[in-house]
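Below: the structure, in structure tokens.
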Amino acid sequence: MAGTLYLCATPIGNLEDMTFRAVRTLREADLIAAEDTRNSVKLLNHFDIQTPMTSYHEYNKYDKGRKLVEKLLEGKNIALITDAGTPGISDPGEELVLMCHEAGITVTAVPGAAACVAALTISGLPTRRFAFEAFLPADKKERESVLETLEKEQRTIVLYEAPHRLVKTLKVLAERLGERQVSVCRELTKRHETVYRASLPEAAVYYEKNAPRGECVLVIRGLSREEILREEKEKWEDMSIEEHMELYLSQGLDKKEAMKRTAKDRGVQKREIYNYLNSEKEK
């Protein structure tokens with residue numbers, strides 16, 4: 002029978018966040034696949050875990066992934082760990098999980114710390130609905146596409162960022178998202194954990210004066226329904242009623258339906274649109 006792939010969450014800072022189950026799983030596994038063996042060996046030594054370890058990271062995820070799948074099909078149980086947090090969240094673990102599913106191998110999670118969830122819960126921002134974007138893409142075209150999506154995002158947004166890029170990212174977000182509230186969460190679970198709450202422009206100014214240390218998680222308020230309605234109304238106000246009507250008529254709607262939709266968009270009665278068009282026709 003094939004073995005099982007265990008996705009073992011590891012601490013994101015405080016070693017006391019390691020679960021009993023994670024320690025047992027790592028001890029009992031036949032092999033541990035780690036994102037950085039040099040970093041993970043410190044964790045394993047701390048918990049006296051003697052299981053053999055191999056590297057699995059962004060630059061070998063396909064070749065090494067196939068080899069790990071072969072071992073799993075031979076009946077070996079493998080535990081996957083990342084440098085910190087939950088495997089598969091913003092790391093190459095998702096590729097290995099897909100390979101395992103395609104090969105019919107059982108994948109199970111050993112839950113624990115996740116920086117995105119920890120930051121969201123202490124941010125003071127709405128938690129019912131959120132969009133996790135991890136790091137903004139380095140590729141300019143892809144980055145622009147993501148930023149365009151975030152401009153209209155109504156859910157709370159969670160982003161990761163390195164300290165040396167934080168100010169630049171905050172400035173970009175301030176330019177694109179305006180005065181939205183942000184909670185900058187740093188050094189999560191560590192001694193110097195901080196949550197700085199401000200608007201995006203204010204946060205950019207603050208960290209320009211106070212150089213940040215440690216990995217950061219940005220939690221940003223989504224666009225409110227009121228803001229969406231205001232933006233839509235402003236968009237229609239920039240368009241003449243004639244242009245507004247033509248927009249719907251060009252889509253194949255009859256004049257009556259076009260007037261109805263135009264009135265709804267502009268927050269007025271259909272009779273007002275009718276009267277305006279008639280008065281313009283008489284001029």
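The numbering used here puts the first residue of the sequence shown at 2, with every later residue one more than the last. Even for Gly, the Cβ is constructed at its ideal location relative to N, Cα and C.
Closest by CA to residue i, which one among the options?
i	options	result
G179	Y197, S146, E188, S225	S225
M19	G94, T170, H47, N276	H47
G105	E17, V70, P127, I123	V70
I50	T107, Y275, A30	A30
L278	M260, Y208, T157	M260
E238	N211, S251, E227, V269	V269
K169	T190, A204, D92, L73	A204
V173	R198, Q155, C101, P202	P202
E243	E96, G215, R198, N276	N276
Residue i bridges to which residues according to DSSP?
i	result
C186	V196, V218
I82	A35
Y7	A80, T109
F131	T157
S56	A35
E162	C217
Starting from the C-beta of residue i, find all residues in its chain whose C-beta is less than 8 angstroms away, skip the five residues before and the five after it, and write them out in chain order.
i	result
A115	A10, I13, G86, T87, I90
C217	Y161, E162, A163, P164, L167, V185, C186, R187
S56	A34, A35, E36, D37, T38, K65
T109	T5, L6, Y7, L8
N61	none
G76	M2, A3, G4
T190	P12, I13, G14, N15, D18, A114, A119
E154	A132, G223, L224
Excluding the five sequence neighbours on either side, which residues of its own chain have a C-beta within less than 6 angstroms of the C-beta of residue i, listed in chain order?
i	result
D84	E36, D37, N40
R222	L126, R181, Q182
A111	The displayed chain sequence assigns Val, not Ala, to residue 111. Y7, C9, R22, A23, T26.
K271	M260, K261, A264
Measuring CB to CB, does residue i end up less than 9 angstroms from residue j?
i	j	result
L32	G94	no
A175	G113	no
L254	R262	yes
E152	R177	yes
L44	I79	no
S124	V196	yes
T157	T122	no
M240	K256	no
E134	D92	no
Expressed to the nearest angstrom, what Euclidean distance is found between the alpha-carbon atoms of residue i and residue j?
i	j	result
S200	F136	20 angstroms
A34	V159	27 angstroms
E258	F131	36 angstroms
A120	P213	16 angstroms
T150	M2	45 angstroms
P53	E17	23 angstroms
K265	S280	20 angstroms
V220	L250	42 angstroms
E194	E103	40 angstroms
I274	L248	14 angstroms
K141	K72	39 angstroms
L74	V42	26 angstroms
In chain order, what residues of the same chain have a beta carbon less than 7 angstroms from the beta carbon of residue i, not counting five sequence neighbours either side?
i	result
P138	R144, V147
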